[in-house]
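Residues in the sequence shown are numbered consecutively from 19, following my numbering.
All remarks here apply to the structure that follows.
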Amino acid sequence: MKSLPVEVLEMICEQVPRPLLPSVMRCNILLYTLACRVLYRNPFENLKMNQRIRLLKTLSDSTSSTSPLRPRSNRISHPRLHVRVLRLDFTNNLVSHNLLRLIQRVLRSLPALLDLYLEFSPKDNRGSLSWVLDGLNTSLHTPPRSPSLRLLSTSIRCDQSLSRFLASQPGITELSLRGFATTEPFKLPPSALPNLSAFRIVHLSADVLGGVLEGRPVKAVAVTLFPGDCWKPLDALKRSTVEVKRLTVLVFDDESAQTIFGEVSRRVRGLEALHVVGLMASYSTPIQTHRLSIPKISLLATAPILSRFPSLKYLTFMAGDPVNCGSPPCTIDDERRVAGVWSKACPTLQTIILPKGQVWYESDGIWCCCGSDSMEGA
Numbered sequence: 019m020k021s022l023p024v025e026v027l028e029m030i031c032e033q034v035p036r037p038l039l040p041s042v043m044r045c046n047i048l049l050y051t052l053a054c055r056v057l058y059r060n061p062f063e064n065l066k067m068n069q070r071i072r073l074l075k076t077l078s079d080s081t082s083s084t085s086p087l088r089p090r091s092n093r094i095s096h097p098r099l100h101v102r103v104l105r106l107d108f109t110n111n112l113v114s115h116n117l118l119r120l121i122q123r124v125l126r127s128l129p130a131l132l133d134l135y136l137e138f139s140p141k142d143n144r145g146s147l148s149w150v151l152d153g154l155n156t157s158l159h160t161p162p163r164s165p166s167l168r169l170l171s172t173s174i175r176c177d178q179s180l181s182r183f184l185a186s187q188p189g190i191t192e193l194s195l196r197g198f199a200t201t202e203p204f205k206l207p208p209s210a211l212p213n214l215s216a217f218r219i220v221h222l223s224a225d226v227l228g229g230v231l232e233g234r235p236v237k238a239v240a241v242t243l244f245p246g247d248c249w250k251p252l253d254a255l256k257r258s259t260v261e262v263k264r265l266t267v268l269v270f271d272d273e274s275a276q277t278i279f280g281e282v283s284r285r286v287r288g289l290e291a292l293h294v295v296g297l298m299a300s301y302s303t304p305i306q307t308h309r310l311s312i313p314k315i316s317l318l319a320t321a322p323i324l325s326r327f328p329s330l331k332y333l334t335f336m337a338g339d340p341v342n343c344g345s346p347p348c349t350i351d352d353e354r355r356v357a358g359v360w361s362k363a364c365p366t367l368q369t370i371i372l373p374k375g376q377v378w379y380e381s382d383g384i385w386c387c388c389g390s391d392s393m394e395g396a
């Protein structure tokens with residue numbers, strides 16, 4: 019074992035099932051360090067609520083050790099120093115003030131934290147919880163260091179306290195804000211988030227979206243369109259300093275595919291990936307167009323619009339089943355026909371996902387999908 023490089027040993031530890039890693043940690047100091055690094059890299063994965071609380075307490079206590087080997091040597095580091103990813107989901111739980119304080123202490127004691135996912139229930143998010151983030155990336159037991167957080171995904175209500183925190187994290191490249199129950203203005207300083215490249219919002223307004231994109235090199239955006247938005251969130255996409263390349267649109271309206279694709283093409287034609295999910299819409303293909311009751315969405319009719327995207331490689335369109343509109347749902351053969359027509363209108367397409375959930379791709383001039391027995395040409 020001594021002849022193997024440390025990097026190889028760590029790769030071996032990464033293949034060990036998590037329940038067995040504590041046994042590996044008992045072997046010697048070297049394997050303790052490597053197995054501990056792997057075990058605590060993303061420590062809250064697949065834990066029950068009571069286990070999460072116990073682990074939070076352990077990470078907040080710098081004098082304790084969960085290791086089978088007591089850290090009598092300075093060469094053995096505390097597990098909290100290895101945490102890179104922290105996922106705390108309290109969506110279905112109400113949190114006490116003591117628990118919030120505990121979370122804050124833990125966040126302050128994780129100097130190597132890179133990715134933070136922090137979700138609270140809608141009831142808890144009616145109050146301001148952004149104070150929990152105060153002191154993040156500043157260890158309680160070592161001198162302050164430069165911020166390193168690169169990803170933040172949170173349901174915390176957007177307020178000026180959260181804005182100040184984001185301004186202190188120049189390393190963030192991916193940001194996801196639900197913005198639930200946001201009632202006050204949310205504005206970032208111009209110097210905040212200079213490296214932001216991906217941004218996702220759910221409940222926030224188009225003005226907030228535009229304010230975050232303004233002056234920042236955001237290439238990937240996920241937006242939600244609610245009834246009455248009048249496409250304002252799509253207008254905000256122009257405020258990024260670079261052209262948006264990846265766009266995900268969640269639509270809470272019954273707009274047709276032609277309308278959605280058309281509005282997107284008027285604003286961002288340089289897309290490489292476009293994913294549209296219509297939660298209140300249905301779809302059909304021309305196979306059903308002879309019927310009297312025709313759903314609003316006709317997939318093949320969108321082909322001329324797709325020709326406006328010169329660089330589009332990945333396209334997804336998901337919508338509801340049209341059975342309530344008097345038409346049968348699409349079959350695999352229907353979707354193959356759609357994929358073929360779309361690819362002729364937009365030759366750069368490489369993969370297409372349609373309402374049945376199949377991934378369509380071209381192989382030797384034929385559009386096929388995984389699990390499809392029929393390979394007839396499109």
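Using N, Cα and C, we set each Cβ at its ideal position, and we do this for glycine too.
As the structure is a computational prediction, the values presented were derived from the model and not from experiment.
Residues bridged to residue i (per DSSP)
i, result
"Gly-296", "Val-269 and Ala-337"
"Asp-133", "Val-103 and Leu-169"
"Thr-369", "Tyr-332 and Tyr-379"
"Glu-192", "Leu-169 and Ala-216"
"Cys-387", "Trp-378"
"Phe-108", "Phe-138"
"Ala-291", "Arg-264 and Tyr-332"
Cut-off 7 angstroms between Cβ atoms - residues of its own chain near residue i, not counting five sequence neighbours on either side
i, result
"Ile-323", "Gln-276, Phe-279, Gly-280 and Ser-283"
"Thr-349", "none"
"Trp-249", "Glu-281"
"Thr-369", "Tyr-332, Val-377, Trp-378 and Tyr-379"
"Ser-164", "Note that Ser-164 scores 49 on pLDDT, short of 50, meaning its location in the model is unreliable; the coordinates nonetheless yield the value given after this. Cβ within range, chain order: n/a, list empty."
"Ser-181", "Phe-204, Lys-205 and Leu-206"
"Pro-251", "Ala-224, Leu-227, Val-241 and Leu-243"
"Arg-123", "Ser-78"
"Arg-36", "Leu-57"
"Arg-285", "Leu-252, Asp-253, Leu-255 and Lys-256"
Closest Cα partner of residue i within the set the options
i, options, result
"Glu-380", "Lys-374, Pro-373 and Ser-361", "Ser-361"
"Gly-375", "Met-336, Ser-171 and Ala-240", "Met-336"
"Arg-234", "Pro-188, Ala-53 and Leu-367", "Pro-188"
"Ser-78", "Thr-109, Arg-98, Ser-325 and Val-26", "Arg-98"
"Phe-198", "Thr-266, Thr-109 and Val-230", "Thr-109"
"His-115", "Ser-166, Cys-388, Ser-146 and Ala-254", "Ser-146"
"Leu-195", "Thr-349, Ser-209, Pro-207 and Val-230", "Val-230"
"Phe-204", "Pro-212, Ala-363 and Ala-185", "Ala-185"
"Ala-254", "Asp-271, Arg-123 and Arg-218", "Arg-218"
"Glu-25", "Asn-46, Ala-53 and Val-220", "Ala-53"
"Phe-327", "Glu-63, Ser-316, Ala-363 and Arg-144", "Ala-363"
"Leu-318", "Val-226, Arg-102, His-96 and Leu-372", "Leu-372"
"His-293", "Leu-367, Phe-183 and Pro-37", "Leu-367"
"Ile-121", "Leu-132, Arg-182 and Leu-104", "Leu-104"
"His-456", "Val-260, Arg-59, Pro-140 and Glu-232", "Because the chain in this structure spans residues 19 to 396, residue 456 falls outside the shown range and cannot be described."
"Leu-132", "Ser-166, Asp-272 and Asp-142", "Ser-166"
"Lys-236", "Asp-247, Leu-243 and Leu-211", "Sequence inspection shows Val at residue 236; the Lys mentioned does not correspond to that position. When each option's Cα is compared against that of Val-236, the closest is Leu-211."
"Ala-130", "Ser-148, Arg-144, Cys-31 and Ser-95", "Ser-95"
"Arg-102", "Leu-128, Val-113, Asn-111 and Leu-112", "Leu-128"
"Asp-352", "Gly-383, Pro-365 and Ser-316", "Ser-316"
Contacts around residue i, its chain only, beta-carbon distance under 6 angstroms, and the 5 residues preceding and following it disregarded
i, result
"Leu-118", "Val-150"
"Leu-136", "Leu-106 and Thr-172"
"Ala-238", "Ala-216 and Arg-264"
"Trp-385", "Arg-354, Ala-357, Gly-358, Trp-378 and Ala-396"
"Glu-202", "Asp-177"
"Leu-125", "Leu-154"
"Gly-296", "Val-269 and Ala-337"
"Ile-71", "none"
"Arg-398", "Within the shown structure, residues of the chain are numbered from 19 to 396, placing residue 398 beyond reach of any answer."
"Leu-240", "According to the sequence shown, residue 240 is Ala rather than Leu. Counting only Cβ-Cβ distances below 6 angstroms, and skipping sequence neighbours, we find Arg-218 and Thr-266."
"Glu-261", "Gly-288"
"Leu-38", "none"
"Leu-432", "For residue 432 there is no data in the structure shown, the boundaries of the chain being 19 and 396."
"Ser-258", "Leu-231 and Val-236"
"Asn-60", "Val-103"
Cut-off 8 angstroms between Cβ atoms - residues of its own chain near residue i, not counting five sequence neighbours on either side
i, result
"Thr-191", "Arg-168, Leu-169, Asn-213, Leu-214, Ser-215 and Ala-216"
"Leu-27", "Met-19, Leu-48, Leu-49 and Leu-52"
"Pro-245", "Phe-270 and Asp-271"
"Glu-63", "Arg-36 and Arg-105"
"Val-34", "Val-42, Ala-53 and Val-56"
Cβ of residue i within 8 angstroms of any chain D Cβ
i, result
"Lys-263", "Among the protein chains of the structure shown there is no chain D, as only one such chain exists."
Q.
For a minimum of 3 consecutive residues, which ranges assigned as the beta strand (DSSP E) are wholly contained in the region 226-268?
A. Listed in chain order, the complete beta strand (DSSP E) runs (minimum 3 residues) inside the region 226-268 are 238-243.
Q: State whether the region 319-337 contacts the region 276-295, with contact taken as three or more CB pairs (one from each stretch) at a distance under 8 angstroms.
A: yes
Q: Kindly provide the ranges of any alpha helix (DSSP H) runs that are 4 or more residues long and lie completely inside the region 32-71, ordered along the chain.
A: 39-43 and 47-57
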